[in-house]
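For reference, the structure discussed in these notes is given below.
Numbering (this note's numbering), first residue to last: 470 to 568.
Structure, rendered in structure tokens:
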């Protein structure tokens, strides 16, 4: 999440960032989006998205990133959650979201 927010400040031209957290018993979803303009193609490309993707994969998750249809950019990471005891949380797979 920190790298995604850093990318907003570096590449989005002063855009507003939004952070969403969603979770169920089995999955944590973190999304950082902005309403900025497309990044310029000049300069040396960094390794921020590559590093984020590698960290998500190392935890058994996945990362998606790209331009939003209505403008801006979005990074979403899905990470699996493990419960220590089966049935500890019941059968509640309802997704919860916080902003």
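Glycine residues also receive a C-beta, built at the ideal position from the N, C-alpha and C atoms.
Source: prediction; values computed, not measured.
For the pair residue 544 and residue 486, the CB atoms are not nearer than the 8 Å cut-off. Annotated three-state conformation of residue 522 is helix, per DSSP. Within its own chain, the residues whose Cβ lies closer than 7 Å to the Cβ of residue 549, once the five positions on either side in sequence are excluded, are 495, 496, 529 and 530, listed in chain order.
If the five residues before and after residue 518 are omitted, its C-beta is found closer than 6 Å to the C-beta atoms of 534, all from its own chain and listed in chain order. Taking all protein chains in view, the Cβ of residue 540 is surrounded by fewer than 16 other Cβ atoms within 10 Å, so the residue is classified as exposed.
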